[in-house]
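*Asks:*
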Amino acid sequence: MSEQNVLTNAQALYQCLRSNTEKQRVTGHKWLLNHPVNGLNKEEMQALLLTIGAADVPSELQFISVIKGRKDIWYFDESIMTNQYAKIAALIEEKDILHTIAVVARNDSALYPRPAEFQKFKNPPFYFTEDELLGAQARFALEEQYADIDVVQASNGGKGFYSKKFLSPVYAQALIEKYLVDDPENP
Amino acid sequence: MTYGWMGNLLRLNLTDKTFKVEPSKKYFSYIGGKGIANRIMYEEVPAGTKPEDVANKIVFAVGPNTASSAPTSGRLTISTLSPFTKFNAIVDAHMGGDTATQMKCCGYDAVIIEGSSDTPVYIYVEDDKVEFRDATHLWGTTTTIATKEITKETENGTNVTTIGPAGENLCNLSCVINGIAHCGGAGLGKIFGQKKLKAIAFNGKKGVQLADPKRVKELNDYVMKDLIGSNNNHVVPTVPQSWSEYDNPRSRWTGHPGMTWGAAEGGPVVTGESAPGQPTLVGFRCQKAVFDFGAVAEKYTAKMTGCTFCPIRCYASMAVPQMEKKWGVPGRHANTCLGNRRESPLFLTYQDVEEEGDGKMMAGMYSAILDDDMGLWDNYGELLATLSYFMKDDYKLMKQILTEEEFAAIDWTKRETGDLTFLNDIVACLINPEHSLYNLTMGAYYVSEKYHDILGDDYLHSQAMALWGPLGGKRHHGNECAAQVGMLTNILYNRDGMCHTIVNITGSGLPYDIQRIIIEDLFGVGALDKPANYTPINEAKVKFAKFGVVRQVLHDSFTLCNWVWPMTFSPRKERQYKGDLSVEAQYMSAITGGDWTEERLDDAAERIIQLHRAMTILQAGTNDMRNEHDVISNFIFDMDPDKAPFTEGTVKLEREDWQKTLTLFYREFGWDEKLGCPTRATLEKFDLKDVADELEAKGLLPA
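If you're matching them up, the sequences are chains A and B in order.
Residue numbering for the first sequence follows my numbering, starting at 29 and increasing by one per position.
Residue numbering for the second sequence follows my numbering, starting at 1233 and increasing by one per position.
1. Name the DSSP beta bridge partners of I1409 (chain B), please?
2. Taking the C-alpha atoms as reference points, what is the distance between L41 (chain A) and D105 (chain A)?
3. Using 8 Å as the threshold, is the C-beta distance between T1394 (chain B) and A1378 (chain B) below it?
4. Within a Cβ cutoff of 6 Å, which residues of the same chain sit near G1931 (chain B), ignoring the five residues on either side of it in sequence?
5. Determine the closest residue to T1791 (chain B) out of B:F1541, B:I1658 and B:K1437, with distance taken between C-alpha atoms.
6. Hey, Y1621 (chain B) and V1561 (chain B) are a contact pair by Cβ (cut 8 Å); roughly how many whole angstroms apart?
7. Whose C-alpha, out of A:K193, A:Y155, A:I120 and A:L35, is nearest the C-alpha of I95 (chain A)?
8. Report, in whole angstroms, the separation of the C-beta atoms of A1676 (chain B) and L1699 (chain B), which I expect to be a contact under 8 Å.
9. How big is the Cα-Cα spacing for R134 (chain A) and L1308 (chain B)?
10. Does any residue of chain B have a CB that is nearer than 8 Å to the CB of L139 (chain A)?
11. Of all Cβ atoms in chain B, is any one closer than 8 Å to the Cβ of A202 (chain A)?
12. What does the Cβ neighbour count give for S1476 (chain B), buried or exposed, with the cut at 16 atoms within 10 Å?
13. My parser needs the alpha helix (DSSP H) runs of 4 or more residues fully inside the segment 1770 to 1802 of chain B; what are they?
14. Give a yes or no on whether the minimum CB-CB distance between P1768 (chain B) and chain D is below 8 Å.
15. Count the C-beta pairs between the segment 1276 to 1283 of chain B and the segment 1806 to 1822 of chain B that are closer than 8 Å, then say yes if the count reaches three, no if not.
16. With a cut-off of 8 Å, do at least 3 Cβ pairs link the segment 1513 to 1526 of chain B to the segment 1484 to 1492 of chain B?
17. Does DSSP classify T1312 (chain B) as helix, strand or coil?
18. From the beta carbon of E31 (chain A), is the nearest beta carbon of chain B less than 8 Å away?
19. Helix, strand or coil for M1536 (chain B) per DSSP?
20. Is the segment 1743 to 1756 of chain B in contact with the segment 1766 to 1776 of chain B, if contact means three or more CB pairs nearer than 8 Å?
21. Anything in the segment 150 to 172 of chain A with a Cβ closer than 7 Å to a Cβ of chain B? List those residues in chain order, please.
22. P1702 (chain B) and V1863 (chain B) - do their beta-carbons sit closer together than 8 Å?
23. Using a Cβ cut-off of 8 Å, pull out every chain A residue sitting near R1727 (chain B), in sequence order please.
24. Can you tell which of B:A1431, B:E1387 and B:E1385 has the C-alpha that lies nearest to the C-alpha of P1397 (chain B)?
25. Can you give me the start and stop residues for the beta strand (DSSP E) that R1243 (chain B) sits inside?
26. How about D1856 (chain B) and L1907 (chain B): do their beta carbons lie closer than 8 Å?
27. List, in chain order, every chain B residue whose beta-carbon is nearer than 8 Å to that of T110 (chain A).
28. Grab me the residues of I129 (chain A)'s own chain with a C-beta within less than 6 Å of its C-beta, minus the 5 sequence neighbours each way, in chain order.
29. Output needed for Q1473 (chain B): all residues of its chain with C-beta closer than 8 Å, excluding positions within five of it in sequence on either side, in chain order.
30. Suppose the cutoff is 7 Å on Cβ atoms and the five residues either side in sequence are ignored; what does the same chain contact list for R1936 (chain B) look like?
31. For chain A, find out if any of its Cβ atoms is closer than 8 Å to the Cβ of Y1582 (chain B); answer yes or no.
32. For F1364 (chain B), report the span of its beta strand (DSSP E) as first-last.
33. Is there a C-beta anywhere in chain B that falls below 8 Å from the one on K193 (chain A)?
34. Using the rule of at least 16 other Cβ atoms within 10 Å of the residue's Cβ for burial, across every protein chain shown, is N1288 (chain B) buried or exposed?
35. Tell me whether M1233 (chain B) is buried or exposed, calling it buried when 16 or more other Cβ atoms sit within 10 Å of its Cβ.
36. Rounded to a whole number of angstroms, what is the C-alpha to C-alpha distance between V1294 (chain B) and G1239 (chain B)?
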């Protein structure tokens, strides 16, 4: 490599994070410490990562954003990935299906508003199976932290998770029927 | 030089097989499309004419924007008298495909078809050349065969708009079809058939002159990069994507990483992410086969197709060789939306061929091929609803309207086993004037009239039929779409409303609060309710509804596709998802060289609504629109019996609130608040004094 092509540590880290972001993925702090860029040791890598979001962030890393997950800290390039998507990508990386469904169901119930359809979780980027979703439905009832999560079913059998904090059962039922039955019948 | 408009209209007389080219300039103030077509119908078809009369006419019309290169500018409006709804008043068909472009490039803003032929003919128009050709050899053929034959008999590149046997046999619910897939409904097939007109074919080689081509190009780039989403201008994708803040499984922005056009020539084509700002990827956003049929359709999607100048491509071109093997029909077809369903939900089960769910998809495609070939029009699901209604309760009503022999001759068990040839049997009866089932193609209003002794009032007012009103128009984005707002967009017309301005907003996929902020900024606080949770009527909602129909009429006149426009929202976060409602006026100025503002163009569109309302009154012979025309079906008030209006989870309307809604709506249009008819002052404000004079002469102006 010629001298002019040698990357600074910040440039090398940015390349790594950008590359993963382009693949629609977030990059974990733990993984980065185990795979330092530019031959840095763990401590040097840690120091470099601590500059992200700080006042003295290297200009190369100014578009790198951070999500604090339950199991790790996650980095992504906010110039090509939204914070909302990064949160979902981090949930997928952490592989906690109950937490993932609950976060999405609460968000969809509060924001749109709508139940989060089972089909949504079968599609990318989640790719959960029907069995996994049915298993999650059963386990939600047993865990206090998910007491607000419930399931509604439309007349065509389609289901959705919703949060009782944000939608009444009557409203959730009407919305799942609207989105899975009424709207498709009146396209 | 005339910019935008071609400056001519073509008058075709089927009685004496003559044609005349006349200047079209006097109609420019009606914009084009619906505006021109309605005005010509007003001037040339006297009130009281019946659809079947020789005096009825068919007017094809385009506008200054048609074929200008603007995204979705390939639309055409065709006006005539309705054969299928109460009053037989003015109706429009809005057709896509290539006809609009070919017709305009022949040099015409409008084509008027008048008179009636004694023998079957088709008309071939190639720029200035016009030929009335014998169509005896085509009479009785399917739309596919007629299209292929006429294409062979004419110059390369000809677009054919034709009827099938349903139109020839004068079914009220019949249509014209161009390009073997693009339908113009409104009962036009019957009017063609009545005039013994099999088809009209255009082959245009002229160009549209633009006042400022550079500006038009700039606007195209702006729309494609910053404003346009997918079909119905849905501006968020169905699944979370890295560039997007939001997602919505009901969105028509269906393409995503991993999803393909599975049957594409040369191998699957990945639709991928198509973030805003990448015009060349817009066509990958709408994977309508999957949207309409489900995931099973992905591997059978050859490509997405659509109308001339449309980047959205909402027509799913399917290649299903199994169809040919199993059912002996062509395994290729293209259609969209309800066109991909037709009468297939009549089946009680489906025969899967290779995997779970493909039987239902094939039934939909089979039904589409059959109906399109016959030129049978489903009227936004009305034909299906009527057939289902008569088949319920073990065919109780069907047994009452068919003779014993007719009923016994149909193998109803095919319906239970999913044998698709059941559809052949049913459709053959539906389009046979000698068969009692033919009566079910009259349109719901006439079905009710004929069979009222066994149907009572329930049929017309039932939720199963889902008509917007007993006039016979199907509810089309009515109360289920923004409650009173959607309902108001239905009642102006003499058919289903086909207004997409409002549903493009509520179905955009954006969170409610983002929608609300933008809509309230435009129309006032309280304009947009939460989905399935609405409030009593207010003035902001009425203004929102008026905007809905004004822009629809503008698009049908200009022409643009109201299934995509207006650009109320944008997919871009940096715009706070706000679109640009001035784009149509900017195009109008750039194309015609005039000085058009958003307000001026909306006024021109409203003028067309005023004319349309007056024409409806003249044809109905009453100006009591509130009680004779704008009456909505009982189910809209009586649905969800366990829920009260204005409570969470229902869109049922409340009767008193609806009457107040009408009053406010009439006021917004400057109509008599009791009757719902235009006043002289309003008509004169829109330079429609001659219309006011005629209404007055007939005692139809309010006191």
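From the three backbone atoms N, C-alpha and C, an ideal C-beta is built for every residue, glycine too.
*Replies:* In terms of the structure at hand:
1. Note: I1409 (chain B) sits in a beta bridge opposite B:T1394 and B:C1415.
2. Near 11 Å, if we compare the C-alpha coordinates of D105 (chain A) and L41 (chain A).
3. Cβ distance < 8 Å, so T1394 (chain B) and A1378 (chain B) count as in contact.
4. Result list for G1931 (chain B): empty, nothing under 6 Å.
5. Answer by Cα proximity: B:F1541.
6. So it is not a contact: roughly 27 Å between Cβ atoms.
7. Of A:K193, A:Y155, A:I120 and A:L35, the residue nearest in Cα terms is A:I120.
8. Contact flag correct, Cβ pair sits at about 6 Å.
9. Each residue's alpha carbon lies about 45 Å from the other.
10. With 8 Å as the cut-off, L139 (chain A) counts as an interface residue toward chain B.
11. Closer than 8 Å to some Cβ of chain B, the Cβ of A202 (chain A) qualifies, so yes.
12. The Cβ neighbour count for S1476 (chain B), taken over all protein chains shown within 10 Å, is at least 16; the residue is labelled buried.
13. Runs of the alpha helix (DSSP H) inside the segment 1770 to 1802 of chain B: 1771 to 1790.
14. In the structure shown, chain D cannot be found, because the protein chains are A and B.
15. Result no; under three Cβ-Cβ pairs closer than 8 Å.
16. At 8 Å Cβ cutoff, the stretches touch.
17. Looking at T1312 (chain B) - three-state DSSP - the assignment turns out to be strand.
18. The pLDDT assigned to E31 (chain A) is 46, lower than 50, so where the model puts this residue is not dependable; a value taken from the coordinates is nonetheless given after this. So, not an interface residue.
19. The answer is strand: DSSP assigns M1536 (chain B) an E or B state.
20. Contact holds: three or more Cβ-Cβ distances are below 8 Å.
21. Taking 7 Å as the Cβ-Cβ cut-off, the segment 150 to 172 of chain A approaches chain B at N151, P152 and P153, given in chain order.
22. For V1863 (chain B) and P1702 (chain B), yes; Cβs fall inside 8 Å.
23. Chain-ordered listing is empty here: chain A has no CB closer than 8 Å to the CB of R1727 (chain B), the nearest sitting near 16 Å.
24. Among B:A1431, B:E1387 and B:E1385, the Cα nearest to that of P1397 (chain B) belongs to B:A1431.
25. Per DSSP, R1243 (chain B) is one residue of the beta strand (DSSP E) stretching across N1240 to N1245.
26. Pairing D1856 (chain B) with L1907 (chain B) gives a Cβ-Cβ distance under 8 Å.
27. Simply S1474, W1475, S1476, E1477 and K1805.
28. Sequence-distant partners of I129 (chain A) (beyond 5 residues in either direction) whose C-beta falls short of 6 Å from its own C-beta, in its chain, are A164 and F189.
29. Correct list, in chain order: D1479, H1488, P1489, E1505 and A1507.
30. Since the displayed chain B opens at 1233 and closes at 1935, residue 1936 (chain B) lies outside it and no answer follows.
31. Cβ-Cβ to chain A under 8 Å: no for Y1582 (chain B).
32. Boundaries of the beta strand (DSSP E) harbouring F1364 (chain B): K1361 to D1366, taken from the DSSP string.
33. No, because no Cβ of chain B sits closer than 8 Å to the Cβ of K193 (chain A).
34. So N1288 (chain B) ends up on the buried side.
35. M1233 (chain B) is exposed by the Cβ-count criterion.
36. If I take the Cα positions, the gap works out to 11 Å.
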